[in-house]
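Taken in order, these protein sequences are the chains called S and H.
When you number the first sequence by our numbering, it's gap-free, plus one each residue, and the end is 171.
When you number the second sequence by our numbering, it's gap-free, plus one each residue, and the end is 161.
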Amino acid sequence: MSMTPSEYITHVAPLRPLLLGVGRNFFHSEEEAEDAVQETLLRLWLCRDRLAADDSLRPMALRVARNVCVSMWRKARLRETLTLEEGHTATRPATDQADSRLLADDRQFLLDMALRRLSPSERRLFLLRQEPDMNLDLMARITGMQPRSISSKLSAARRKVYDFIKQRL
Amino acid sequence: MNKLIDKYLSGSSTREEEQALRRMLDDAVLLTPEQRIVQAMLQAEPMQAEPQWLTEDDSDEYDRLVAVRYSRVRLLWRWVSVAAVVCVAVGIAIALFTSHEPTNCTVACIYGQETTDEALVLSMMEGTMQSVLACSSTESLEGQLTDILNP
C-alpha cells in the first residue's frame, strides 16, 4: 500500500474543498481553515507510503483533517514562552579560535528556534522544500496554494530565519 | 555564490540551484558567517511523518467542540433577539406614554409671528376687542360682529 506522487495529485489533491469544509465548520475563520487544510494535505503527503487510492482514502483524509483542527485548537490554548530560548545566545564570537563544531551546534540550535518562530504555514513550506526533488510546481499541487504565493511565503520564511540567526550569532 | 544566496533568500531559486548552492557551500574552504547561516538553512532536515497521524482519531472531540461552538452562537443570538425585543417594547411604551400627555397649547399669530405666551395672547385679544368695541355703535355682541363683518 503506497501512493506515488502522481497518484497523490490525482486522488488526494481533489479532496481539498472537502477538507476545507471541515476546517470552516470548526474555526469559522477562512485563514485558520486554510491553515488546517494545508497541514492536512502535508500530513497525507508525508504518509503517502501508507495510503492507498481506494475507498478508504476519503474517510481517512477527513479524519486527519478533524485531528488537525483539534490539534490546532489545543496548541492555541497553550501559552508558548520563548524567554528561556531567548536567553540562549552564542557567547563565543566567531572571530575567535572557536571550536567550529560548537558554532555549528549553535547555528543548528538557532535554526530550530527560528523555525519555531515562523508561522505554521511558513514553517511547513520551508521544511517541505527540503525534501528531495521538491519543486515549486509539486509544492503547489500538494498544498493547493498558488506558486507565487508559495514563493513569497518561502522568501519571507527564509529571510526571517536568516535574520534571526544572524542577530544572535 | 552570493548571487545564488540572494536568489535562495528571495525564494526564487530552483531546486537545482539550491542543490548547487549547497554543494558550493559544503566544498568551500572558508565561509563568511552569513554564508554559514545559509549553509545551515540548506542542511535543515525535511519534515518527517509521525506514526500517529493516520491512526489517531479525535473525531469525537471535533464533534464536541463544534457542538459547543454552535451552542455558544445560538446562545448569543438568543440574547441579541431578546435585547432587540426589549428595545422595541420600550420604544413603543415611550411612544404611547408621550402620546397621552396633554398637549394643550394655544398658538396665536401676532403680526405674523407665532406665539404661545398665554399672557401676551390674552393681552392682544383684549386690546383688539377694546378696539372693536370702541369702533362699534352697539353694545351687543351680535351688533359688534355685524359691524366687523359688514363694515
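No residue lacks a Cβ here, since even glycine has one placed at the ideal position from N, Cα and C.
Burial state of Phe107 (chain H), where buried means 16 or more other Cβ atoms lie within 10 Å:
The residue in question, Phe107 (chain H), is exposed, as its Cβ has fewer than 16 Cβ neighbours within 10 Å.
Partner residues on chain S for Leu185 (chain H), Cβ-Cβ distance less than 9 Å
Coverage of chain H is limited to positions 11 through 161, which leaves residue 185 (chain H) absent and any answer about it impossible.
Check the Cβ-Cβ distances between Lys77 (chain S) and every residue of chain H, and say whether any is below 8 Å.
Output row for Lys77 (chain S): interface = no.
If you reduce the DSSP assignment to three classes, tell me which class Ala92 (chain S) lands in.
The pLDDT assigned to Ala92 (chain S) is 43, lower than 50, so where the model puts this residue is not dependable; a value taken from the coordinates is nonetheless given after this. Coil, per DSSP.
One question on the structure: do Met11 (chain H) and Leu40 (chain H) come within less than 8 Å of each other, judged by their Cβ atoms?
Taking 8 Å as the Cβ cut-off, Met11 (chain H) and Leu40 (chain H) do not qualify as a contacting pair.
Comparing the C-beta of Val14 (chain S) with each C-beta of chain H, is any distance below 8 Å?
With respect to chain H, the C-beta atom of Val14 (chain S) has no partner C-beta closer than 8 Å.
Over what stretch of residues does the beta strand (DSSP E) that includes Thr125 (chain H) continue unbroken?
Here the beta strand (DSSP E) through Thr125 (chain H) covers Gln123 to Thr125.
Alpha-carbon to alpha-carbon, Glu28 (chain H) and Lys17 (chain H):
Spanning the two alpha carbons is a distance of roughly 9 Å.
Beta bridge counterpart(s) of Cys119 (chain H) as assigned by DSSP:
Per DSSP, the beta-bridge partners of Cys119 (chain H) are H:Glu124.
Please identify the residue among S:Thr42, S:His30 and S:Gly25 whose C-alpha is closest to the C-alpha of Ala15 (chain S).
Nearest Cα to Ala15 (chain S) within the set S:Thr42, S:His30 and S:Gly25: S:Thr42.
How about the region 6-26 of chain S and the region 52-70 of chain S: do they share at least three Cβ pairs that are nearer than 8 Å?
Contact holds: three or more Cβ-Cβ distances are below 8 Å.
Kindly say whether Ser91 (chain H), judged by its beta-carbon, lies nearer than 8 Å to any beta-carbon of chain S.
Not closer than 8 Å to any Cβ of chain S, the Cβ of Ser91 (chain H) fails to qualify, so no.
What are the boundary residues of the alpha helix (DSSP H) that Pro149 (chain S) is part of?
Pro149 to Arg170 is the extent of the alpha helix (DSSP H) around Pro149 (chain S).
Residues near Ala96 (chain S) by beta carbon distance below 6 Å, same chain, minus five either side:
Residue placement at Ala96 (chain S) cannot be trusted, given a pLDDT of 44 that sits under 50; what the coordinates show is reported in the next sentence. Closer than 6 Å at Cβ, skipping near neighbours: no residue.
Could one say the Cβ of Met62 (chain S) lies closer than 8 Å to chain H's Cβ atoms, at least one of them?
Closer than 8 Å to some Cβ of chain H, the Cβ of Met62 (chain S) qualifies, so yes.
Quick one: list the residues of chain S neighbouring Leu75 (chain H), beta-carbon separation under 9 Å, in chain order.
Under the 9 Å cutoff, chain S gives Phe28, Cys71, Val72 and Trp75.
Helix, strand or coil: which one does DSSP assign to Asp56 (chain S)?
In the three-state DSSP reduction, Asp56 (chain S) falls in the coil class, being neither helix nor strand.
Leu80 (chain S), DSSP secondary structure in three states:
DSSP places Leu80 (chain S) in coil when its eight states are reduced to three.
Out of curiosity, what's the CA-to-CA distance linking Arg109 (chain S) and Gln45 (chain H)?
Approximately 12 Å between the Cα atoms of the pair.
Pop quiz: Trp126 (chain S) and Met51 (chain H) are said to be a contact at Cβ under 8 Å. What is the actual Cβ separation, rounded to whole angstroms?
This sequence places Arg at residue 126 (chain S); Trp is not what is there. Arg126 (chain S) to Met51 (chain H), Cβ: 16 Å. No contact.
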